[in-house]
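Position one of the sequence shown corresponds to residue 3 (my numbering), numbered consecutively onward.
Note that the Cβ used here is the ideal one computed from N, Cα and C, for glycine as well.
One structure is given below, encoded as structure tokens.
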Amino acid sequence: MFIFYTVNPEPELQPKSFIVRVFKEQDDESCCVKTVSFPICNPSMPQKTKNEAAEFGRLFVKQMMDKEFSHDGNRN
């Protein structure tokens, strides 16, 4: 199993938001399990919003992994 996230600007040129997508890959199949939009509140500081989106992605992936490992531990 593999869990990962992406952060993409939307639209690509002059973005209005960053889209976070979290994927879970299992048995060579990827499935999007969560999509969240982070609107850019301050156009002169889009990097701040991108960092917030990336932090959300990291924390959500960690939460999913912790949950998966705790389930695996209960099976043994």
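Legend entry - Rounded straight-line distance, which links the Cα of phenylalanine 62 to that of threonine 37: Here residue 37 refers to the residue found at position 35 of the sequence shown. Here residue 62 refers to the residue found at position 60 of the sequence shown. Distance between the alpha carbons of threonine 37 and phenylalanine 62: 11 Å.
Inset, instruction - Please confirm if alanine 56 has its CB atom under 8 Å from at least one CB of chain C. - result: The structure shown contains no chain C, having only a single protein chain.
Legend entry - Distance, phenylalanine 20 Cα to threonine 8 Cα: Translated into positions along the sequence shown, residue 8 becomes position 6. Translated into positions along the sequence shown, residue 20 becomes position 18. One C-alpha to the other measures close to 10 Å.
Inset, instruction - Would you identify the three-state DSSP class for asparagine 10, choosing helix, strand or coil? - result: As a working note, residue 10 is residue 8 in the sequence shown. Asparagine 10 falls in the strand class under three-state DSSP.
Inset, instruction - Look at phenylalanine 40 and alanine 55 and say whether their C-beta atoms are less than 8 Å apart. - result: Translated into the one-based positions of the sequence shown, residue 40 becomes position 38. Translated into the one-based positions of the sequence shown, residue 55 becomes position 53. It is a contact, given that the beta carbons lie within the stated cut-off.
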